[in-house]
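Asks: Chains as they are written, first to last, in my numbering: chain G, 44 to 161; chain P, 44 to 161.
For every residue, glycine included, the Cβ atom is placed at its ideal position computed from N, Cα and C.
Computed from a prediction, not measured in an experiment: that's the story for all the values here.
This is the structure, below, for whatever I ask next.
Number of protein chains: 2
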Amino acid sequence: MVERSPSTLDLTYAALADPTRREILRQLRLTEARVTDIARPLPMSLNAVSKHISVLERAGLVRREIRGRDHFLTAQPAALAEAERWITDYTAFWEHRVDALAAHLESRQQHPAPEEQA
Amino acid sequence: MVERSPSTLDLTYAALADPTRREILRQLRLTEARVTDIARPLPMSLNAVSKHISVLERAGLVRREIRGRDHFLTAQPAALAEAERWITDYTAFWEHRVDALAAHLESRQQHPAPEEQA
DNA sequence: CTTATGTTCAACCAAGTGGTTGAACATCTT
DNA sequence: AAGATGTTCAACCACTTGGTTGAACATAAG
Numbered sequence: 044m045v046e047r048s049p050s051t052l053d054l055t056y057a058a059l060a061d062p063t064r065r066e067i068l069r070q071l072r073l074t075e076a077r078v079t080d081i082a083r084p085l086p087m088s089l090n091a092v093s094k095h096i097s098v099l100e101r102a103g104l105v106r107r108e109i110r111g112r113d114h115f116l117t118a119q120p121a122a123l124a125e126a127e128r129w130i131t132d133y134t135a136f137w138e139h140r141v142d143a144l145a146a147h148l149e150s151r152q153q154h155p156a157p158e159e160q161a
Numbered sequence: 044m045v046e047r048s049p050s051t052l053d054l055t056y057a058a059l060a061d062p063t064r065r066e067i068l069r070q071l072r073l074t075e076a077r078v079t080d081i082a083r084p085l086p087m088s089l090n091a092v093s094k095h096i097s098v099l100e101r102a103g104l105v106r107r108e109i110r111g112r113d114h115f116l117t118a119q120p121a122a123l124a125e126a127e128r129w130i131t132d133y134t135a136f137w138e139h140r141v142d143a144l145a146a147h148l149e150s151r152q153q154h155p156a157p158e159e160q161a
């Protein structure tokens, strides 16, 4: 019942967990686009797309610039940095362990410890 | 109503979107652990933790090995590869664009010489 | 055999998600 | 002013999620 507000990392990963939202981001790699432009190729209502965009916006992955009645969206790839770093740090930890294991095995192969057996 | 089954990427990002599950993964960096071991430091019931572990398992991020009554969990960092690649590919696209823009501006500023390549 | 330990299953609940439709609001065009 | 276009807001719905409790199941230990 503590209901803390979700962290940036939570929001980012949750936003990326939906294929429609990833598709929207992919669409925004090329250029900015209006809500309607983004919705056109997607197999759902404009309102549904509008909701997806809010999720992306809340996660900081997309920024909105209102010009007249049009809302132009641009992707904010920098917002992915934290999410990427979590994974790379995590896997880096493993690569270190694998390296250590490899080094250990190699050293044992070259100078076999007498009290251990393969 | 088409209700396709969620992709691996969906499952992975959804699994990472919860701080409890990230904490579980962090705990499993060091060594394998039993469900009870994982649950002990967490501020929720064992059953809740059991559910979180299922989510991680369904995403392939954790593997379970049953020995007697104990279920030993090990992290599977390789399962993060696809999720990481999506982000790196995405941001790489941007870095390319930024590089291209920088090169363009620089070449225009410096000289009519078309020698780009740092 | 009986009891304690480790884990899941099942039912429940409140809140969130991903979609819908219909209305409202804002702005551009005629 | 009137109409068309772009977008959000609000209500609704089915489903999922993250938590709970209580029971059941599986195995280890006395």
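Decide if the segment 75 to 95 of chain G is in contact with the segment 90 to 97 of chain P; the criterion is three or more beta carbon pairs, one per stretch, under 8 Å apart.
Replies: no
Asks: Going along chain G in order, which residues have a C-beta closer than 8 Å to the C-beta of residue 50 of chain P?
Replies: For this step, residue 50 of chain P is matched to residue 7 along the second sequence. Within chain G, the residues 62 have their CB atoms less than 8 Å from the CB of residue 50 of chain P, given in chain order.
Asks: Using 8 Å for Cβ pairs, my map puts residue 54 of chain P next to residue 101 of chain P. What's the rounded Cβ distance?
Replies: Position 11 of the second sequence, counting from 1, holds the residue named residue 54 of chain P. Position 58 of the second sequence, counting from 1, holds the residue named residue 101 of chain P. Correct: roughly 6 Å between the Cβ atoms.
Asks: Quick check on this structure: which residue in P:133, P:109, P:57 and P:128 has the alpha carbon closest to the alpha carbon of residue 120 of chain G?
Replies: Residue numbering aside, residue 120 of chain G sits at position 77 when the first sequence is read from its first letter. Answer by Cα proximity: P:133.
Asks: Taking just the CA atoms, how far does residue 50 of chain G sit from residue 107 of chain G?
Replies: Along the first sequence, read from residue 1 onward, the residue named residue 107 of chain G stands at position 64. Along the first sequence, read from residue 1 onward, the residue named residue 50 of chain G stands at position 7. Cα to Cα, residue 107 of chain G sits roughly 21 Å from residue 50 of chain G.
Asks: Quick check on the DSSP output: the beta strand (DSSP E) that includes residue 74 of chain G runs from which residue to which?
Replies: Working through the first sequence from its first residue, we reach residue 74 of chain G at position 31. Run containing residue 74 of chain G: none; DSSP gives neither H nor E here.
Asks: Given that a residue counts as buried once 16 or more other Cβ atoms are within 10 Å of its Cβ, and exposed if not, what is residue 126 of chain G?
Replies: In the first sequence, residue 126 of chain G corresponds to position 83, counting from 1. Residue 126 of chain G is buried by the Cβ-count criterion.
Asks: Indicate whether at least one CB of chain P lies closer than 7 Å to the CB of residue 74 of chain G.
Replies: Mapped onto the first sequence, residue 74 of chain G falls at position 31. Chain P, which has no Cβ nearer than 7 Å to the Cβ of residue 74 of chain G, makes this no.
Asks: Would you mind listing the beta strand (DSSP E) stretches within the segment 93 to 138 of chain P that are 3+ residues and don't spill past its ends, in chain order?
Replies: 105 to 110 and 113 to 118
Asks: Identify whether residue 49 of chain P lies in helix, strand or coil by the three-state DSSP scheme.
Replies: Taking the second sequence and counting its residues from 1, one reaches residue 49 of chain P at position 6. Correct three-state label for residue 49 of chain P: coil.
Asks: Can you tell me whether DSSP reads residue 62 of chain P as helix, strand or coil?
Replies: What you label residue 62 of chain P is simply residue 19 of the second sequence in a count that begins at 1. Taken through DSSP and simplified to helix, strand or coil, residue 62 of chain P comes out as helix.
Asks: Of all the CB atoms in chain P, is at least one closer than 7 Å to the CB of residue 130 of chain G?
Replies: For this step, residue 130 of chain G is matched to residue 87 along the first sequence. True, the Cβ-Cβ gap to chain P drops below 7 Å.
Asks: Taking the C-alpha atoms as reference points, what is the distance between residue 74 of chain P and residue 131 of chain G?
Replies: Position 31 of the second sequence, counted from the start, is the residue given in the question as residue 74 of chain P. Position 88 of the first sequence, counted from the start, is the residue given in the question as residue 131 of chain G. For residue 74 of chain P and residue 131 of chain G, the distance between alpha carbons rounds to 19 Å.
Asks: Return yes when the Cβ of residue 118 of chain P is within less than 7 Å of the Cβ of residue 105 of chain P, no when it is not.
Replies: For the purposes of this step, residue 105 of chain P is taken as the residue at position 62 of the second sequence. For the purposes of this step, residue 118 of chain P is taken as the residue at position 75 of the second sequence. Yes.
Asks: Answer yes or no: does any C-beta atom of chain G fall closer than 7 Å to that of residue 127 of chain P?
Replies: As a working note, residue 127 of chain P is residue 84 in the second sequence. It does; some Cβ of chain G falls within 7 Å.
Asks: Given that a residue counts as buried once 16 or more other Cβ atoms are within 10 Å of its Cβ, and exposed if not, what is residue 65 of chain P?
Replies: In the second sequence, residue 65 of chain P corresponds to position 22, counting from 1. The residue is buried, with at least 16 neighbouring Cβ atoms inside 10 Å.
Asks: Counting contacts by CB-CB distance shorter than 7 Å, is residue 155 of chain P in contact with chain G?
Replies: Start at 1 with the first residue of the second sequence, and residue 155 of chain P comes out as number 112. With a pLDDT of 42 at residue 155 of chain P, under the threshold of 50, the modelled position of that residue is not reliable, and the figure given next carries that caveat. Not an interface residue.
Asks: Tell me whether residue 162 of chain P is buried or exposed, calling it buried when 16 or more other Cβ atoms sit within 10 Å of its Cβ.
Replies: A query on residue 162 of chain P cannot be resolved here, the shown segment of chain P reaching from 44 to 161 and no further.
Asks: Hey, residue 60 of chain G and residue 60 of chain P are a contact pair by Cβ (cut 8 Å); roughly how many whole angstroms apart?
Replies: Walking along the first sequence from the start, residue 60 of chain G turns up at place 17. Walking along the second sequence from the start, residue 60 of chain P turns up at place 17. About 6 Å separates the two Cβ atoms, so the contact holds.
Asks: Quick one, are the C-beta atoms of residue 95 of chain P and residue 63 of chain P less than 7 Å apart?
Replies: Taking the first residue of the second sequence as 1, we reach residue 95 of chain P at position 52. Taking the first residue of the second sequence as 1, we reach residue 63 of chain P at position 20. Yes, they are a contact pair.
Asks: List, in chain order, every chain P residue whose beta-carbon is nearer than 7 Å to that of residue 136 of chain G.
Replies: As a first step, residue 136 of chain G is located in the first sequence; it is residue number 93 there, counting from the start. Residues of chain P passing the Cβ test: 72.
Asks: At 8 Å on the CB atoms, spell out the chain G contacts of residue 68 of chain P, in chain order.
Replies: The residue given as residue 68 of chain P occupies position 25 in the second sequence. Simply 133.
Asks: Buried or exposed, going by whether 16 or more other CB atoms sit within 10 Å of the CB of residue 82 of chain G?
Replies: By one-based count along the first sequence, residue 82 of chain G stands at place 39. Label assigned to residue 82 of chain G: buried.
Asks: Do residue 136 of chain G and residue 72 of chain P count as a contact pair if the criterion is CB distance below 7 Å?
Replies: Here residue 72 of chain P refers to the residue found at position 29 of the second sequence. Here residue 136 of chain G refers to the residue found at position 93 of the first sequence. Inclusion of residue 72 of chain P and residue 136 of chain G in the CB contact set at 7 Å is warranted, their separation being smaller than that value.
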